[in-house]
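Q: For reference, the structure I am asking about is given below.
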Amino acid sequence: MSTLSTHVLDTSTGRPAEGLSLTLEAREGEAFRELARGVTNADGRVKDLSGANTKLPPGVYRLTFDTGAWFQARGQRGFYPSVQVLFEVTATDEHYHVPLLLSPFGFSTYRGS
Numbered sequence: 001m002s003t004l005s006t007h008v009l010d011t012s013t014g015r016p017a018e019g020l021s022l023t024l025e026a027r028e029g030e031a032f033r034e035l036a037r038g039v040t041n042a043d044g045r046v047k048d049l050s051g052a053n054t055k056l057p058p059g060v061y062r063l064t065f066d067t068g069a070w071f072q073a074r075g076q077r078g079f080y081p082s083v084q085v086l087f088e089v090t091a092t093d094e095h096y097h098v099p100l101l102l103s104p105f106g107f108s109t110y111r112g113s
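The opening residue of the sequence shown carries number 1 in the UniProt record's numbering; numbering runs sequentially from there.
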């Protein structure tokens with residue numbers, strides 16, 4: 001089964017987004033079930049969001065980044081109160097890395113390694 005990590009970079013400052021809260025959910029039918037919560041470290045990372053003893057089986061997952069609260073805590077206004085990234089785990093023996101490049105008025109993501 002697969003593991004999952006993430007990294008958030010504030011592209012407006014070129015610095016890691018430390019202290020950004022996020023949630024991991026798994027799709028079950030038409031709904032999503034929360035699996036884990038995390039907060040990015042000083043390097044903007046959550047190294048193993050699925051947990052040291054928890055691996056992700058194949059399926060559709062959603063990462064929700066609480067960008068609104070993160071910007072507000074820094075005295076900034078942002079356009080997106082949260083960012084949701086849906087992705088699919090297909091390979092059972094791979095690590096999945098889902099980075100978020102963030103600024104107050106835009107974001108992008110990709111499958112990292």
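From the three backbone atoms N, C-alpha and C, an ideal C-beta is built for every residue, glycine too.
For Gly29, which of helix, strand or coil comes out of DSSP?
A: Coil.
Q: Would you mind reading off the limits of the alpha helix (DSSP H) that contains Thr67?
A: Residues 67 to 73.
Q: State the start and end residues of the unbroken beta strand (DSSP E) segment that holds Ser103.
A: Unbroken beta strand (DSSP E) run through Ser103: 95 to 103.
Q: Helix, strand or coil for Glu18, going by three-state DSSP, please let me know.
A: In the structure shown, Glu18 sits in coil (DSSP, three-state: anything other than H, G, I, E or B).
Q: Whole-angstrom Cβ separation of Val85 and Thr109, contact assumed at under 8 Å?
A: Right, their Cβ atoms sit about 5 Å apart.
Q: Could you check what DSSP says for Ser113 in three-state terms: helix, strand or coil?
A: Coil, per DSSP.
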